[in-house]
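**Student:** Residues 4 to 201 (the working numbering) make up the sequence shown, in order. Ideal Cβ positions, reconstructed from N, Cα and C, are used throughout, including at glycine.
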Amino acid sequence: MRYLALGDSYSIGEGVLEAARWPVQLAYRLRQEGIALDDPQIIATTGWTTDELSAAMDAASFSPPYDLVSLLIGVNNQYRGRSAEEYRGEFQGLLARAAALAGGRAGRVLVLSIPDWGVTPFAHGSGRDVERIAHELDVYNAMAREASQLAGAHWVDITGISRQHPALLADDGLHPSGAQYSLWVAVALPVARTLLAA
Numbered sequence: 004m005r006y007l008a009l010g011d012s013y014s015i016g017e018g019v020l021e022a023a024r025w026p027v028q029l030a031y032r033l034r035q036e037g038i039a040l041d042d043p044q045i046i047a048t049t050g051w052t053t054d055e056l057s058a059a060m061d062a063a064s065f066s067p068p069y070d071l072v073s074l075l076i077g078v079n080n081q082y083r084g085r086s087a088e089e090y091r092g093e094f095q096g097l098l099a100r101a102a103a104l105a106g107g108r109a110g111r112v113l114v115l116s117i118p119d120w121g122v123t124p125f126a127h128g129s130g131r132d133v134e135r136i137a138h139e140l141d142v143y144n145a146m147a148r149e150a151s152q153l154a155g156a157h158w159v160d161i162t163g164i165s166r167q168h169p170a171l172l173a174d175d176g177l178h179p180s181g182a183q184y185s186l187w188v189a190v191a192l193p194v195a196r197t198l199l200a201a
């Protein structure tokens, strides 16, 4: 079975080794359970916004249908001060593309919430309003959750993990460490297991 991971720095694992990226960890854990899932094809780059991911997908080479497609995108929209309504529309477009790449099966799409970068040392040293960051990300995530559920995709909330474990970071003091990604995978694993069995 084949897995496609779409996203930004969190999916490409900025600051961690390839084996520590959460999509790679997820595929490994599923294989440990006897699910014959390939390592993920990852379309993700640090700094991408929703429109930049969409443009990269336009240029990428895909081999659908994928058995599992994950989507985690939006932190850079918030970081750059983009509007929530713009995010909603562009996220819905990406979600539809993810479902199409899963062979029209929205139930094979796994959407992860955006973690809260406002809890990190990088954020605290940036002079940005960390309470505003948290609020804006909550708004983005509420929109993404609603769109995912309406489409029939599976929503996995890892934002709370990012807030509970602000010290589990890569050396840059901003991106999650492999240990934090392992906590994300622990939450995503039962959902991925169930959707692959469907």
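Is isoleucine 76 helix, strand or coil by DSSP?
**Tutor:** Here the question's residue 76 lines up with position 73 in the sequence shown. Correct three-state label for isoleucine 76: coil.
**Student:** Output the distance between the C-alpha atoms of valine 114 and leucine 74, rounded to the nearest integer angstrom.
**Tutor:** Stepping through the sequence shown from its first residue, residue 114 is reached at position 111. Stepping through the sequence shown from its first residue, residue 74 is reached at position 71. Between valine 114 and leucine 74, the C-alpha separation is close to 5 angstroms.
**Student:** With a CB to CB cut of under 8 angstroms and the five nearest residues on each side skipped, what residues in its chain are close to leucine 56?
**Tutor:** Translated into positions along the sequence shown, residue 56 becomes position 53. Once the five neighbours on either side are set aside, the close Cβ partners of leucine 56 are Leu9, Gly10, Asp11, Ile46, Ala47, Ile76 and Leu97.
**Student:** If you reduce the DSSP assignment to three classes, tell me which class histidine 157 lands in.
**Tutor:** One-based indexing of the sequence shown puts residue 157 at position 154. Histidine 157: strand per DSSP, three-state reduction.
**Student:** By the three-class DSSP mapping on this structure, what secondary structure does alanine 39 have?
**Tutor:** As a working note, residue 39 is residue 36 in the sequence shown. Here alanine 39 sits in coil by DSSP.
**Student:** Taking Cβ to Cβ, would you say tyrosine 184 is nearer than 7 angstroms to glutamine 35?
**Tutor:** Along the sequence shown, one-based indexing puts residue 184 at 181. Along the sequence shown, one-based indexing puts residue 35 at 32. Against a cut-off of 7 angstroms, the Cβ pair of glutamine 35 and tyrosine 184 comes out as no contact.
**Student:** Would you mind listing the alpha helix (DSSP H) stretches within the segment 119-151 that are 4+ residues and don't spill past its ends, in chain order?
**Tutor:** As far as the segment 119-151 is concerned, its whole alpha helix (DSSP H) runs of at least 4 residues are 124-129.
**Student:** Can you give the Cα-Cα distance for alanine 62 and alanine 101, rounded to whole angstroms?
**Tutor:** Looking up residue 62 in the sequence shown gives position 59. Looking up residue 101 in the sequence shown gives position 98. Taking the straight line from one Cα to the other gives about 15 angstroms.
**Student:** Pop quiz: proline 179 and leucine 171 are said to be a contact at Cβ under 8 angstroms. What is the actual Cβ separation, rounded to whole angstroms?
**Tutor:** Locating residue 179 in the sequence shown gives position 176, counting from the first residue. Locating residue 171 in the sequence shown gives position 168, counting from the first residue. Rounded, the Cβ-Cβ distance is 6 angstroms, consistent with contact.
**Student:** For the alpha helix (DSSP H) containing tyrosine 6, name the first residue and the last one.
**Tutor:** Counted from its first residue, the sequence shown places residue 6 at position 3. Per DSSP, tyrosine 6 belongs to no alpha helix (DSSP H); it is in the beta strand (DSSP E), 6-10.
**Student:** Can you tell me whether alanine 150 is buried or exposed? The criterion is at least 16 other CB atoms within 10 Å of its CB, across all chains shown.
**Tutor:** If you number the sequence shown from 1, residue 150 lands on position 147. With 16 or more other Cβ atoms within 10 Å, it is buried.
**Student:** Check whether the segment 105-113 and the segment 123-141 touch, using three or more Cβ-Cβ pairs below 8 angstroms as the test.
**Tutor:** No contact exists between the segment 105-113 and the segment 123-141.
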